[in-house]
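The structure appears below as structure tokens.
There are 2 protein chains.
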Amino acid sequence: MGTTSKALSLLELFSRATPEIGLSDFARRAGMNKATTYRLLTELAAHGFVEQTGSGREYRLGPAFLRLSALREAAVPMREVALGVLNDLSKATGETAHMSLLQGDLLTSIAYTYSDAHGTQVRMEDAEALMLHATSSGLAVLAFSPAAFVDQVLSQPLKARTPDTVTDPAQIRQQLKQIRQNGFAVSISGFEQDVHSHAVPVFDSSSACIGAVAVAAPVARMDDALQMLIQTEVTSHTTRLTRLLGGFPPPSFPTTT
Amino acid sequence: MGTTSKALSLLELFSRATPEIGLSDFARRAGMNKATTYRLLTELAAHGFVEQTGSGREYRLGPAFLRLSALREAAVPMREVALGVLNDLSKATGETAHMSLLQGDLLTSIAYTYSDAHGTQVRMEDAEALMLHATSSGLAVLAFSPAAFVDQVLSQPLKARTPDTVTDPAQIRQQLKQIRQNGFAVSISGFEQDVHSHAVPVFDSSSACIGAVAVAAPVARMDDALQMLIQTEVTSHTTRLTRLLGGFPPPSFPTTT
DNA sequence: AACCTTTGGTTCAAATAGCGAACCGATGAT
DNA sequence: ATCATCGGTTCGCTATTTGAACCAAAGGTT
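Sequence lines, in order, name chains A and B. Residues in the first sequence are numbered from 77 upward in steps of one, following our numbering. Residues in the second sequence are numbered from 77 upward in steps of one, following our numbering.
Structure, rendered in structure tokens:
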């Protein structure tokens with residue numbers, strides 16, 4: 077494994093649950109020697125990619141990300157464009173809308189919007205890592221990803237996030253077939269109890285699936301009429317978002333009627 | 077130079093002016109062999125730190141920055157906190173307020189706010205790289221930075237950004253003395269013609285200067301009363317921001333009366 | 001059409017950087 | 001007093017990186 081990859085893989089150890097990591101802990105989590113880890117972190121710190129907090133000397137993500145993400149957003153205003161579409165989608169459906177991007181074999185939420193149509197809304201968090209098999213977004217992504225990737229994801233032990241999470245690969249494959257036909261995925265309490273969500277994949281300019289947009293609503297509110305409204309709106313808004321981002325759905329993607 | 081540093085230094089070549097860079101161009105700008113550059117970029121791409129655009133195969137910053145900057149912001153909500161304070165400052169002064177962070181020997185703006193008190197406002201841009209000597213923020217940072225850093229910055233040829241940019245190190249040192257006494261820096265048309273700005277440094281928990289907050293107004297609007305208002309407001313708001321970020325001004329920083 | 005320049009990308013013997021076991025002092029727990 | 005763990009350091013050995021030379025493709029010039 078290249079040295080650069082080793083260094084970057086350290087950055088990937090940060091999460092919402094672990095925003096700060098000490099040197100020895102880092103080495104353990106990364107499966108690297110402490111001296112190696114120290115050297116890599118020192119180099120990352122020199123460029124502002126990590127920094128040490130004042131007290132316990134733990135490391136956290138550094139200020140370089142503020143600048144580089146702003147540069148990225150200036151060049152490819154993905155989040156800004158997404159927010160516009162998600163706002164429209166929340167207004168149209170009266171529910172929470174969010175977008176997540178595929179990174180490795182996880183989804184990362186990058187933007188979400190709420191509606192003020194109801195007092196209760198499904199709550200989201202930035203940079204939350206979502207498992208593919210346990211979310212409607214993840215299933216939408218899998219349905220329109222290369223077979224090799226699907227095999228890789230489904231060949232690993234799949235964890236149940238709630239009692240309702242589907243973890244049987246054969247069942248998931250069946251679901252994927254249905255999603256390919258419908259053009260959207262549905263998950264009921266798969267990731268969070270009593271949350272019913274629909275998701276549609278987002279594609280890039282080479283028609284590769286890069287993420288998904290989902291609408292999440294409380295199960296109690298999800299009657300037939302709301303379901304049909306959400307399916308229609310999330311499909312049309314996500315198709316529009318794909319286009320706004322300069323992408324194209326693959327030919328296999330079902331066209332809306 | 078370490079391999080990781082080489083790779084990260086490639087990322088630092090991106091700017092608002094150059095959001096996309098081809099392989100050969102990268103190698104030239106980085107002063108590296110094309111094969112080396114190619115390998116480093118491939119490794120960065122594998123982790124989502126850069127990506128290639130569809131057409132010309134140029135490279136740009138990748139989606140990893142969206143996620144990692146959201147994680148960083150979740151852990152250290154610097155931008156969010158800054159925006160709150162900047163909003164108050166814009167309202168109090170009726171002018172544009174912005175915050176920038178020191179990264180290497182440049183300042184990077186990370187947040188800005190406008191007021192709707194006037195039709196004309198000084199316009200800002202995210203991720204804009206600012207020279208230290210040519211901006212009020214830069215001078216504020218220099219005034220409260222270690223002497224070695226000041227020497228390093230002032231020993232390099234200083235470029236004039238406008239006809240009014242001060243580039244004589246002796247003159248700048250004189251200005252720095254004044255700023256240390258006042259607790260704020262002033263720049264008139266140093267970075268942008270007809271813009272008069274005041275800046276106050278921001279400190280971290282070990283009282284190191286990490287950036288600055290500035291208020292920028294058109295020269296034509298800057299009478300004595302506005303100047304005094306801005307000096308008072310930017311000082312008190314920035315002191316509050318330093319505290320909100322868990323920082324402390326150094327003992328040498330003049331206390332407000 | 002022929003030629004030149006530049007592009008993105010590749011190869012592999014030689015050169016260089018990275019690795020990690022063993023070590024250090026400091027700190028907290030027992 | 002002793003032990004465990006922390007962040008951090010060293011240097012002989014090991015592995016990775018390097019870059020000159022090469023490739024096909026594409027665009028520009030004559």
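In this text, a Cβ means the ideal position worked out from N, Cα and C, and glycines have one as well.
Q. Which first and last residues belong to the alpha helix (DSSP H) in which K248/A is found?
A. The amino acid at residue 248/A is misidentified as Lys; the sequence shows Ile. Element bounds for I248/A: P245 to N258.
Q: Report the residues of the stretch 157-191 of chain A with a CB closer than 7 Å to any CB of chain B, ordered along the chain.
A: L177, Q179, T184 and I186
Q: Taking L137/B as the query, report the chain A residues whose CB atoms sit under 7 Å from its CB, ordered along the chain.
A: L144, L147, R148 and A151
Q) If you scan the stretch 276-327 of chain A from start to end, which runs of the alpha helix (DSSP H) of 4 or more residues do you find wholly inside it? A) 300-320
Q) How about V276/A and L165/A: do their beta carbons lie closer than 8 Å? A) Their beta carbons are not under 8 Å apart, which means V276/A does not touch L165/A by this criterion.
Q: Return the CA-CA distance between R105/A and T80/B, expressed in angstroms with no decimal places.
A: Cα to Cα, the separation comes out at about 20 Å.
**Q.** Terminal residues of the alpha helix (DSSP H) in which Q228/B lies
**A.** Per DSSP, Q228/B belongs to the alpha helix (DSSP H) from A223 to L230.
Q) So which residues on chain B does L116/A lean against when the C-beta distance must stay under 8 Å? A) T80
Q) Based on the DSSP secondary-structure assignment, which residues constitute the bridge partners of R136/A? A) E127/A
(Q) Quick check on V157/B: does DSSP put it in helix, strand or coil? (A) Look at V157/B here: in three-state DSSP terms it is helix.
Q) For L183/A, does the three-state DSSP call read helix, strand or coil? A) strand
(Q) When you compare the CB of R155/B with every CB in chain A, is at least one pair closer than 8 Å? (A) yes
Q: Just confirm the distance between the C-beta atoms of L208/A and L183/A, as a whole number of angstroms; I'd bet it's less than 8 Å.
A: Contact between L208/A and L183/A holds, with the beta-carbon distance rounding to 6 Å and staying under 8 Å.
Q: Indicate whether G266/B and L177/B have their beta-carbon atoms separated by less than 8 Å.
A: no
Q.
With the cut-off set at 8 Å, would you say Q228/B and P139/A are in Cβ contact?
A. In this structure, P139/A does not lie closer than 8 Å to Q228/B by Cβ.
Q. From which residue to which residue does the beta strand (DSSP E) around L86/B run?
A. From DSSP, L86/B is part of no beta strand (DSSP E) but of the alpha helix (DSSP H) over T79 to L87.
Q. If we ignore side chains and look at the alpha-carbon of each, how far apart do E201/B and F260/A end up?
A. 38 Å
Q. What does R105/A touch in chain B if you count any residue whose Cβ is under 9 Å from its own?
A. Going along chain B, no residue has its Cβ under 9 Å from R105/A, so there is no contact; the nearest lies around 15 Å.
Q | Member of A219/B, E119/B and D244/B whose CA lies at the smallest distance from the CA of S231/B | A | D244/B
Q: Could you check what DSSP says for A121/A in three-state terms: helix, strand or coil?
A: helix
Q) Taking the alpha carbon of S283/B as the point to measure from, which residue in V289/B, A293/B, L321/B and D101/B has its own alpha carbon closest? A) It is L321/B whose Cα lies nearest to the Cα of S283/B.
Q) Nearest CA to the CA of F324/A: which residue from D280/A, M304/A, L302/A and R92/A? A) D280/A
Q. What are the residues of the stretch 79-102 of chain B that lie near chain A, defined by any Cβ-Cβ distance shorter than 9 Å?
A. T79, T80, S81, K82, A83, L84, S85, L87, E88, F90, S91, R92, P95 and E96
Q: With V217/B as the anchor, note down where its beta strand (DSSP E) starts and where it stops.
A: Counting along the chain, V217/B falls outside any beta strand (DSSP E), though it belongs to the alpha helix (DSSP H) covering S212 to A219.
Q. Which word fits T333/B, buried or exposed, when buried means at least 16 other C-beta atoms lie within 10 angstroms of its C-beta?
A. Low confidence applies to T333/B: its pLDDT is 46, below 50, so where it sits in the model is not reliable, and the reading given next is rough at best. Counting Cβ neighbours within 10 Å, T333/B comes out exposed, since fewer than 16 surround it.
Q: Could you name the residues that DSSP lists as bridge partners for V271/B?
A: Residue pairing by DSSP puts V271/B in a beta bridge opposite P294/B.
Q. How would you call S145/B, buried or exposed, if buried means at least 16 neighbouring beta carbons within 10 angstroms?
A. The residue in question, S145/B, is buried, as its Cβ has 16 or more Cβ neighbours within 10 Å.
Q: Determine, using beta carbons only, whether E134/A comes closer than 8 Å to chain B.
A: Cβ-Cβ to chain B under 8 Å: no for E134/A.
Q.
Tell me the DSSP secondary structure of T333/A in three-state form.
A. Legend: pLDDT at T333/A = 46, less than 50; position of this residue unreliable, value from coordinates given subsequently. DSSP, reduced to helix, strand and coil, places T333/A outside both helices and strands of the structure shown, so it counts as coil.
Q. Distance, Cα to Cα, V242/B vs T112/A?
A. In a straight line, the C-alpha of V242/B is about 45 Å away from that of T112/A.
Q. Are the CB atoms of T118/B and I306/B nearer to each other than 8 Å?
A. No.
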